[in-house]
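Contents: one structure, followed by commentary.
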Amino acid sequence: MIEVPKIVYDRLRSPRKDRALPDTGLSEREHPDADLLTAFVEQTLSATERDDMLEHLALCGDCREVIVLALPIADVAAAPTPAETEADRAIPALAKPGRSWLNLAWPDLRWAALAAGVVVAASLLLVHPGRLNQALLPSSNRQVASPAPPVSGAQIASSAIPSSIAPPPEQLPISAKSKSNKVRPNSEMQLSKKLKAGEIAAPHTAQSGMMVANNRKEPLQAGPVPAAPSTGDVTLAASTPPPTTETVEVSAAAPALVQASPTEGNLMAENAAPPVLKAKPPLSVTWTITAGVLQRSLDSGQSWQDALRPNHPLLCYASHDQEIWTGGQAGTLFYSTDGGVTWLQVQPSIKARQLSSNVTHIELRGDELRGDELRRPAQILLSTSDNETWISVDGGKTWEKH
Amino acid sequence: MTKPAQPGHVPDATAALYERSGAAAYGMSAERFAAILDEVVHKYFLSGSAQYSAQRLPHASAQQKADFCAGLRLEELALARACAAGNERAWQDFISRYRQKLHGMALHITRDGAHAADLADSLFADLYGMNAREQVRKSKLLSYTGRGSLEGWLRTVMAQEFINRYRKQKRTVSLEEQTEEGIQFAAATPEPACTSDPRLEAATDEALAELSSEDRFTLASYYLDGRTLAEIAATLGLHESSVSRRLDRLATGLRKRILAALRMQGMSHAQAVEAMEADVRDIRLNLRSRLTQDSAATTFPGSSKIPARDAGDGSTD
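Chains as they are written, first to last, in our numbering: chain A, 1 to 402; chain B, 1001 to 1317.
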């Protein structure tokens, strides 16, 4: 990081008098309360409030200290996932490169990333020369990644990444991995998509370092889940690291409770099975959102793992049994019906108008919620930052505004 | 909805929010819930008190207020207020949701088992309202208004409490300890400005004043507080790389602007560079002592100002 002249430290500490007392009449000694500080960190203040808050925070070391101390543990222990540049991507929190790595790598490794992209393209060509065209077709908005056949390396599903764009630096180690992937598909499009998803996403997990290492779990099996008709950007699914091959760990979406037979996984992958939920969800899941990241605990809150970290910070969630819905800024909305093993994104829209404001509250409603049944909620209610209420009575397929 | 609740009758909009909040499960009546919303609205829109409330809009429309209420964390607000009212089921829910988390938070904040237990216990006592004032049990949860998550609020309250304690401890540190820490006779602190060039100060102030508050916040967090990129990114809801790029841009820009301002005042390039790079570490030491003894603030209830923690102290790298 570039140093600033020492006079800047001095003047930041003891600012000019006319700035020490901002126009709003707020003095440095008049501090925002815990409610506002929390709302600031959770990005739910109104624009005016946020400006005033920043004005105060720029001058007030105490409040700066409070908000950092009050950050969720996961946020300060590890860096967020990279690649803002790939705007339409959502990644379950997989890799958290350290600060020093990030400083080194971005943007210094940009060219290396480009080279890695070329290698990916080349490896696609090598493995399936005839399929390249399909592989390079623009990806559809939604992809459901299914587990790879057992012969392949462990894969993790990621999202649509236009292959014309060079992968970000963290995908550097792609080449070695991609060459070892030998996937034999049934259908062309499925293959190319799978291959792409697997190859491009794998390095993320390979990079995930400490976080992942701590989260090593038994192999798990997750199948594709039904895609909601409304379009979304990304579908996320955890898949199986076959025990005998090199493994890539899924740190986020990996409840350590399930082990399905390889045959099953194979079958599903081969057939690109219709939406069938194969993963047996964890028994007791506790959720929380900390600074925009959905976290899950399988031990009643003693330890937390990141479960979902989309591009836009998450703000709220609602869960019932294994079904969880979570929403955030810019109309971000995901749900999982298997306790967070697999995620689907929903883009609520009404008459071609997409929800673009922040989702500030979610409620799952229905008589079913009263009982112990695992049936799905009858109604999903979203409250948005511009104070609309969106309701879906069909599991997020269609929406009405109230 | 913001009208005072009439017994047996609340407006439809409020009734809908009441239903959404699940307050009924805690035995809270719709009227009571409406009164709570009323109170929250009053705090943020109408309060004439000194409370920090940037959104104070005495003439906000009913619709604005209704919208504001709909954006609150109603479920958590109902839970908090039901706890404050002593509802047993609410407390059970609260304990099952937050007890372990609170202990984890305390450990994270204090980094010391004994202190963590102490801090968590003390917060629980406040939440229960055991520190009775004027013979009336008053739960701290009454001050939660649902602007942010209840969990985030609990963390923030805990952090404030920790800072207050830290500050109190600092004030009772003996003179010998102060000497050991290098904080010498704070009363003898000279005015920091006296040793630096007024032209340089003016140029720097000007350059800083041109920045947005978010930029100044970022600068202060990184350079003054020694925060990590991850921490700053988390507070601003940005990505680390954005913060990193912003800091680079700010540092480069500040240097350029200060140099330009100094040259405008007739300095040669070499003079300007020399003035800018003048070491002000001595000044900073004095500032530190000055901040240490400044204890008149009323930051958080029962607290006053503390010195900035040493760079890197709050980081987890």
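Quick reminder that beta carbons are idealized off the backbone N, C-alpha and C, glycines included. Source: prediction; values computed, not measured.
When Phe1162/B, Ser1139/B, Gln1271/B are compared, the shortest CA-CA separation from Ile67/A is found for Phe1162/B. DSSP places Trp304/A outside both helix and strand once states are collapsed to three, so it counts as coil. The beta carbon of Gln295/A sits closer than 8 angstroms to the beta carbons of Pro72, Ala74, Trp287, Thr288, Ile289, Trp304, Gln305, Asp306, Ala307 from its chain, once the five residues preceding and following it are set aside; these are given in chain order.
Residue contact with chain B for Ala121/A: absent (no Cβ-Cβ distance below 8 angstroms to any residue of chain B). The continuous beta strand (DSSP E) containing Phe334/A extends over residues 333–336. When DSSP reads this structure, Gln43/A sits in no beta bridge, so it has no partner. Per the Cβ contact rule, the segment 1212–1219 of chain B is in contact with the segment 46–56 of chain A (3 or more Cβ pairs under 8 angstroms).
Taking 8 angstroms as the cut-off, the beta carbon of Tyr1223/B is found closer than this to the beta carbon of Tyr9/A. Put simply, the segment 1095–1108 of chain B touches the segment 1116–1129 of chain B. At least three CB pairs are less than 8 angstroms apart. The beta carbon of Gln1160/B sits closer than 8 angstroms to some beta carbon of chain A. A direct Cα-Cα distance of roughly 17 angstroms separates Val293/A from Leu69/A.
A buried status is given to Asp1126/B, since no fewer than 16 other beta-carbon atoms sit within 10 Å of its beta-carbon. For Ser357/A, not one C-beta of chain B is nearer than 8 angstroms to its own C-beta. The beta-carbon of Ser1149/B is placed less than 8 angstroms from the nearest beta-carbon of chain A. Boundaries of the beta strand (DSSP E) harbouring Cys316/A: 314–320, taken from the DSSP string. Counting along the chain, Ile289/A sits inside the beta strand (DSSP E) bounded by residues 286–290. Within the segment 39–61 of chain A, the residues whose Cβ lies closer than 9 angstroms to any Cβ of chain B are, in chain order, Ala39, Phe40, Val41, Glu42, Gln43, Thr44, Leu45, Ser46, Thr48, Glu49, Arg50, Asp51, Asp52, Met53, Leu54, Glu55, His56, Leu57, Ala58, Leu59, Cys60, Gly61. Chain-ordered, the chain B residues with CB closer than 7 angstroms to the CB of Thr288/A read Glu1151. Among the residues facing chain A, Gln1100/B is included, as its CB has a counterpart in that chain under 8 angstroms away. Interface criterion met: the Cβ of Ser1213/B is under 8 angstroms from a Cβ in chain A. Less than 8 angstroms separates the beta-carbon of Leu1141/B from that of Cys1083/B. The C-alpha of Ile391/A lies about 28 angstroms from the C-alpha of Leu36/A. Sequence-distant partners of Glu1210/B (beyond 5 residues in either direction) whose C-beta falls short of 8 angstroms from its own C-beta, in its chain, are Arg1257. With 16 or more neighbouring CB atoms inside 10 Å of its own CB, Glu1240/B falls in the buried class.
In the structure shown, Val1041/B adopts helical secondary structure according to DSSP, grouped into three states. The beta carbon of Leu314/A lies closer than 6 angstroms to those of Ile289, Gly292, Leu294, Thr326, Gly328 in the same chain, with the five residues before and after it left out.
Annotated three-state conformation of His361/A is strand, per DSSP. Nearest neighbour of Thr384/A by Cα position, chosen from Gln322/A, Ala330/A, Asp338/A, turns out to be Ala330/A. Secondary-structure assignment with DSSP links Ser349/A through a beta bridge to Gln354/A. For Glu323/A, the uninterrupted beta strand (DSSP E) segment begins and ends at 323–328.
For Ser297/A, the enclosing beta strand (DSSP E) covers residues 293–297. The beta carbons of Ile2/A and Ala1251/B sit closer together than 8 angstroms. Taken in chain order, the members of the segment 1197–1228 of chain B whose beta-carbon sits within less than 7 angstroms of a beta-carbon on chain A are Leu1200, Glu1201, Thr1204, Asp1205, Leu1208, Ala1209, Ser1213, Glu1214, Arg1216, Phe1217, Leu1219, Ala1220, Ser1221, Tyr1223, Leu1224, Asp1225, Arg1227, Thr1228. A check of alpha carbon separations from Leu1236/B across Ala34/A, Thr44/A, Pro5/A identifies Thr44/A as the nearest. When C-alpha distances from Arg1147/B are compared across Leu1208/B, Thr1204/B, Arg1245/B, Val1040/B, the shortest belongs to Val1040/B. Spanning the alpha carbons of Ala1080/B and Arg1165/B requires a straight line of approximately 25 angstroms.
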